[in-house]
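Visitor:
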Ligand SMILES: [Zn+2]
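Residue numbers (our numbering): 1 to 135.
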């Protein structure tokens, strides 16, 4: 396989196209909009409708595990007052998903191609001519 799962992970964690490795997922460094296709290699980034519900789930899971659960535990063990816990939880619920928005979109693509690396055009070309063409 031309592009390995390790490369896919590295590219996903650095917001790069899983197919060509270009920094082409977003039109600009501050944009929240994902390009519909990679301008460098043409990989379709906007998959079917609902594909990025996975990104929302990742975003929610990371926010819950790494931000809201610690606040809840600190509050439960009496290290945070009621008001401070509520304010921190509200801030974490509103700010963290925005901060992780771009990353979660990239992570969703990364996970998709990590588990289905043969779906990358660069890997498909390598498979053509083999008995595995229907993958
Ligand atoms: Zn690309």
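All residues carry an ideal CB built from backbone N, CA and C; glycine is no exception.
Go ahead and pull the three-state DSSP assignment for residue 29.
Guide: Here residue 29 refers to the residue found at position 29 of the chain shown. Three-state result, residue 29: coil.
Visitor: Going along the chain, which residues of its own chain have a beta-carbon closer than 6 Å to the beta-carbon of residue 41, five neighbours each way excluded?
Guide: Within the chain shown, numbered from 1, the residue matching residue 41 stands at position 41. Cβ neighbours of residue 41 beyond the five flanking positions: 19 and 20.
Visitor: Contact between the segment 69–89 and the segment 43–60 is defined here as three or more beta-carbon pairs at a separation below 8 Å; is this criterion met?
Guide: no
Visitor: Under 8 Å between the Cβ atoms of residue 109 and residue 12?
Guide: By 1-based counting over the chain shown, the position of residue 109 is 109. By 1-based counting over the chain shown, the position of residue 12 is 12. Result yes, Cβ atoms of residue 109 and residue 12 sit closer than 8 Å.
Visitor: For the alpha helix (DSSP H) containing residue 82, list its first residue and its last residue.
Guide: As a working mapping, residue 82 is identified with position 82 in the chain shown. From DSSP, the alpha helix (DSSP H) with residue 82 extends over 82–99.
Visitor: Grab me the residues of residue 119's own chain with a C-beta within less than 7 Å of its C-beta, minus the 5 sequence neighbours each way, in chain order.
Guide: Translated into positions along the chain shown, residue 119 becomes position 119. Taken in chain order, the residues that qualify are 113.
Visitor: Just to check, is the beta-carbon of residue 43 closer than 7 Å to a non-hydrogen atom of ligand 1?
Guide: Here residue 43 refers to the residue found at position 43 of the chain shown. The answer is yes for residue 43.
Visitor: Using the beta-carbon count (16 or more within 10 Å), is residue 31 buried or exposed?
Guide: Against the chain shown, residue 31 aligns to sequence position 31. The residue in question, residue 31, is exposed, as its Cβ has fewer than 16 Cβ neighbours within 10 Å.
Visitor: When we look at the beta-carbon of residue 131 and count the other beta-carbons within 10 Å, is it buried (16 or more) or exposed?
Guide: One-based indexing of the chain shown puts residue 131 at position 131. Its pLDDT being 47, under 50, residue 131 is placed unreliably by the model, and the measurement read from it follows with that caveat. With fewer than 16 Cβ atoms within 10 Å of its Cβ, residue 131 is classed as exposed.
Visitor: Within a Cβ cutoff of 6 Å, which residues of the same chain sit near residue 24, ignoring the five residues on either side of it in sequence?
Guide: Your numbering for residue 24 matches position 24 in the chain shown. Same-chain partners within the cutoff: 17, 38, 39 and 40.
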